[in-house]
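There are 2 protein chains.
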Amino acid sequence: MTEPLDFYFDFSSPYGYLMSEKIDAVAAAHGRKVRWHPVLLGVIFQATGSHPPVAGASSKATYMMHDFHRSARHMGIPYNPPSRFPLPTQNAARAFYWLHGQDCALARQFAHAVYRGFFVNDLDISSPDTVLDIAAGLGINRDQLATALQAPEIKARLKDECEQALAAGVFGSPHVIVDGEHFFGADRLPQIEHWLASGGF
Amino acid sequence: MTEPLDFYFDFSSPYGYLMSEKIDAVAAAHGRKVRWHPVLLGVIFQATGSHPPVAGASSKATYMMHDFHRSARHMGIPYNPPSRFPLPTQNAARAFYWLHGQDCALARQFAHAVYRGFFVNDLDISSPDTVLDIAAGLGINRDQLATALQAPEIKARLKDECEQALAAGVFGSPHVIVDGEHFFGADRLPQIEHWLASGGF
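Chains A and B supply the protein sequences, listed in that same order.
Using the working numbering, read the first sequence as starting at 1 and increasing by one per residue.
Using the working numbering, read the second sequence as starting at 202 and increasing by one per residue.
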């Protein structure tokens, strides 16, 4: 089969960032493309009754903050713990979908720039100005994007994408679907590779 | 460093079972031993305010039941989904600690037999009779063990082990500690191998 993989993520998700740095190359090694779907974990958690994995000051929350960084080192990916975490990501996600309607390769570049801005350069990606700055750095028209971020149709688009993700069974970030098979978490990347190489196992 | 690894698990934990089939060999490849610590996840979750990962009928719960089986195939480990799940495991854990006081190699064999009984042969490991049968199959005196399972000191021992695990920062199963570094989940086995090979990364 040669259907694209579907990659669901929130721009505030550290494991989503780790997956974003690897999934295209893993898919390409098996002749596959990837469709990227930024979603809002707040919406997903509310609808599924799930909990954010790092809520509170528990030993598990402490562990996970440590594990983000160690997992990045294990995977050979740059990572600097953001000083503000987690952050709302609707502006970044709306910008992605607006760009995607015009130039899907540029939207992919923008997604990488947002993730690296947050998890390497400690940018406040919740701020519309920061989102516009990141876009402008890629040659995108700042004023057009600023207008688009306020447009009802782009807000409706993000809402619709979250609903479609829920309908597809997405409950967290990163969540990858390969030929109907669901993989949750950056740590499932070896299983995704195994699945692509074997056509299932 | 050549300190043993500490491996915490609940006998009802599928990912704990997967880790139990691999951790000794991974440690041995780097000249390390492993101390096994069965604990009760109910006690751990109550104390840490965590939630069982597969509570309810959510899309996440459905995913995890599927992921247990797929992860076992990925790791090359036999797995048959138990018909009763999860189960209380205090009898199996108490039997382990009683045996461990007499013959730690036999206690390890018993732990493997309990896990395989549950996750391969669908035994009801919550039942004292089943625990006694598994032990008898390894040549352990059934009557002595039956008496030990009722002894206040062995009940206190398990309680104490759960408290020590909590004090060490354990919040789930499997949870492995290597030279003070914590690894949660069977999917962290590659990171444990990386850590042992490099002395940290």
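We treat Cβ as the ideally placed atom computed from N, Cα and C, and that holds for glycine.
field: Whole-Å CB distance - L346 (chain B) paired with W299 (chain B), under 8 Å assumed
entry: Position 145 of the second sequence, counted from the start, is the residue given in the question as residue 346 (chain B). Position 98 of the second sequence, counted from the start, is the residue given in the question as residue 299 (chain B). That pair is a contact at about 7 Å.
task: Check whether the Cβ atoms of H194 (chain A) and H395 (chain B) sit closer than 7 Å, and answer yes or no.
output: As a first step, residue 194 (chain A) must be located in the first sequence, where it is residue number 194. As a first step, residue 395 (chain B) must be located in the second sequence, where it is residue number 194. The answer is no: Cβ separation not under 7 Å.
- request: Give the residues from the region 4–32 of chain A that approach chain B closer than 8 Å (Cβ to any Cβ), ordered along the chain.
  value: none
query: In its own chain, which residues sit with a C-beta less than 6 Å from the C-beta of D6 (chain A), not counting the 5 before and 5 after it?
result: Taking the first residue of the first sequence as position 1, residue 6 (chain A) is located at position 6. So the list reads R35 and I177, once near-sequence residues are dropped.
- prompt: Contact check, S173 (chain A) vs Y15 (chain A) under 8 Å by CB: the rounded distance?
  reply: Mapped onto the first sequence, residue 173 (chain A) falls at position 173. Mapped onto the first sequence, residue 15 (chain A) falls at position 15. Right, the Cβ-Cβ distance comes to about 7 Å (below 8 Å), so this counts as a contact.
message: So, under 8 Å CB-CB, M220 (chain B) and F212 (chain B) are touching, yes? Tell me the CB distance rounded to an integer number of Å.
response: As a first step, residue 220 (chain B) must be located in the second sequence, where it is residue number 19. As a first step, residue 212 (chain B) must be located in the second sequence, where it is residue number 11. About 12 Å separates the Cβ atoms of M220 (chain B) and F212 (chain B), ruling out a contact at the 8 Å cut-off.
message: Spatial neighbours of T331 (chain B) within its chain, please: C-beta separation below 6 Å, excluding the five flanking residues on both sides.
response: Translated into positions along the second sequence, residue 331 (chain B) becomes position 130. Around T331 (chain B): L324 and D325.
message: Closer than 9 Å between beta carbons: that is the criterion. Which residues of the region 32–52 of chain A meet it against chain E?
response: Looking for chain E here will not work: the only protein chains present are A and B.
- request: Could you tell me whether any Cβ in chain A is nearer than 7 Å to the Cβ of S374 (chain B)?
  value: Working through the second sequence from its first residue, we reach residue 374 (chain B) at position 173. No, S374 (chain B) lies away from the interface with chain A (no Cβ there is under 7 Å from its Cβ).
- request: Return the residues of the region 304–332 of chain B that lie within a Cβ-Cβ distance of less than 8 Å from chain A, sorted by chain order.
  value: none
query: If we count the other Cβ atoms within 10 Å of its Cβ and call it buried at 16 or more, is N292 (chain B) buried or exposed?
result: Indexing the second sequence from 1 puts residue 292 (chain B) at position 91. N292 (chain B) should be labelled buried.
- prompt: In three-state DSSP terms, what is V377 (chain B)?
  reply: Position 176 of the second sequence, counting from 1, holds the residue named residue 377 (chain B). The answer is strand: DSSP assigns V377 (chain B) an E or B state.
- prompt: What number of angstroms, rounded off, separates the C-alpha of R317 (chain B) from the C-alpha of H66 (chain A)?
  reply: One-based indexing of the second sequence puts residue 317 (chain B) at position 116. One-based indexing of the first sequence puts residue 66 (chain A) at position 66. Straight-line Cα distance between these residues: approximately 33 Å.
- prompt: If you draw a straight line from the alpha carbon of P283 (chain B) to that of G338 (chain B), how long is it in whole angstroms?
  reply: To locate residue 283 (chain B), count along the second sequence from 1; it is residue 82. To locate residue 338 (chain B), count along the second sequence from 1; it is residue 137. Looking at the two C-alpha atoms, the distance is approximately 21 Å.
field: Backbone secondary structure at D143 (chain A) - three-state DSSP
entry: The sequence position of residue 143 (chain A) within the first sequence is 143, counting from 1. Note: D143 (chain A) maps to helix in three-state DSSP.
message: At the level of alpha carbons, what is the spacing between I278 (chain B) and P4 (chain A)?
response: To locate residue 278 (chain B), count along the second sequence from 1; it is residue 77. To locate residue 4 (chain A), count along the first sequence from 1; it is residue 4. Cα-Cα distance, rounded: 30 Å.
query: Does the distance from the C-beta atom of S259 (chain B) to that of T48 (chain A) stay below 7 Å?
result: Against the second sequence, residue 259 (chain B) aligns to sequence position 58. Against the first sequence, residue 48 (chain A) aligns to sequence position 48. Contact: yes.
Within chain B, the residues that H194 (chain A) reaches when beta carbons sit closer than 7 Å: As a first step, residue 194 (chain A) is located in the first sequence; it is residue number 194 there, counting from the start. By Cβ distance, chain B contributes H275.
message: List, in chain order, every chain A residue whose beta-carbon is nearer than 8 Å to that of D388 (chain B).
response: As a first step, residue 388 (chain B) must be located in the second sequence, where it is residue number 187. G185, D187 and R188, listed in chain order.
message: DSSP three-state label for R389 (chain B), please.
response: Position 188 of the second sequence, counting from 1, holds the residue named residue 389 (chain B). In this structure, R389 (chain B) counts as helix in the three-state DSSP scheme.
- prompt: A357 (chain B) to H238 (chain B), Cα distance in whole Å?
  reply: In the second sequence, the residue the question calls residue 357 (chain B) occupies position 156. In the second sequence, the residue the question calls residue 238 (chain B) occupies position 37. Their backbone Cα atoms lie some 15 Å apart in a straight line.
- prompt: For S13 (chain A) versus F171 (chain A), is the C-beta spacing smaller than 7 Å?
  reply: Along the first sequence, one-based indexing puts residue 13 (chain A) at 13. Along the first sequence, one-based indexing puts residue 171 (chain A) at 171. Their beta carbons are not under 7 Å apart, which means S13 (chain A) does not touch F171 (chain A) by this criterion.
field: Nearest-angstrom Cα separation, counted from F297 (chain B) out to R309 (chain B)
entry: Walking along the second sequence from the start, residue 309 (chain B) turns up at place 108. Walking along the second sequence from the start, residue 297 (chain B) turns up at place 96. Rounded to whole angstroms, R309 (chain B) and F297 (chain B) show a C-alpha spacing of 8 Å.
- prompt: chain B partners of Y63 (chain A), CB-CB under 8 Å?
  reply: As a position in the first sequence, residue 63 (chain A) is number 63, starting the count at 1. Residues of chain B passing the Cβ test: G370, F372, H383 and F385.
- prompt: For a contact meaning CB atoms closer than 8 Å, what does Q191 (chain A) contact in chain B?
  reply: The residue given as residue 191 (chain A) occupies position 191 in the first sequence. R271, S272 and H275, listed in chain order.
- request: Can you pull the chain A residues whose beta carbon is under 8 Å from the beta carbon of S259 (chain B), in chain order?
  value: Here residue 259 (chain B) is taken as the residue at index 58 of the second sequence, counted from 1. Here the neighbours are T48, G49, S50 and F171.
message: For a contact defined as C-beta to C-beta under 9 Å, what are the partners of F402 (chain B) on chain A?
response: For this step, residue 402 (chain B) is matched to residue 201 along the second sequence. Chain A residues near F402 (chain B): R70, R73 and H74.
- request: Within 10 angstroms of the Cβ of W94 (chain A), are there 16 or more other Cβ atoms? Answer buried if so, exposed if not.
  value: On the first sequence, residue 94 (chain A) is found 94 positions in, with the first residue counted as 1. Strictly speaking, residue 94 (chain A) in this sequence is Arg, with Trp absent from that position. It counts as buried.
Same chain only: Cβ atoms within 6 Å of A28 (chain A), ignoring 5 sequence neighbours per side: Mapped onto the first sequence, residue 28 (chain A) falls at position 28. There are no such residues.
query: Cα separation between A367 (chain B) and I245 (chain B)?
result: The count along the second sequence starts at 1 and reaches residue 367 (chain B) at position 166. The count along the second sequence starts at 1 and reaches residue 245 (chain B) at position 44. It is Leu, not Ala, that sits at residue 367 (chain B) in the sequence shown. Roughly 7 Å separates the two Cα atoms.
message: Using only the alpha-carbon positions, how far apart do Q303 (chain B) and I341 (chain B) sit?
response: For this step, residue 303 (chain B) is matched to residue 102 along the second sequence. For this step, residue 341 (chain B) is matched to residue 140 along the second sequence. Looking at the two C-alpha atoms, the distance is approximately 11 Å.
message: By alpha-carbon positions, which one of B:F269, B:E222, B:R233 and B:I224 ends up nearest to F184 (chain A)?
response: Sequence index remark: in the first sequence, residue 184 (chain A) carries index 184 (1-based). Among B:F269, B:E222, B:R233 and B:I224, the Cα nearest to that of F184 (chain A) is on B:F269.
- request: Take G370 (chain B) and list the residues in its own chain whose beta-carbon comes closer than 7 Å to its own, dropping the five residues that flank it on each side.
  value: Position 169 of the second sequence, counted from the first residue, corresponds to residue 370 (chain B). If we look at G370 (chain B) and ignore the five residues flanking it on each side, its Cβ neighbours are H383.
message: Our contact map puts Y17 (chain A) next to F110 (chain A) with C-beta atoms below 8 Å; I'd like the distance itself, whole angstroms only.
response: Locating residue 17 (chain A) in the first sequence gives position 17, where the first residue counts as 1. Locating residue 110 (chain A) in the first sequence gives position 110, where the first residue counts as 1. Not confirmed; about 14 Å, so no contact.
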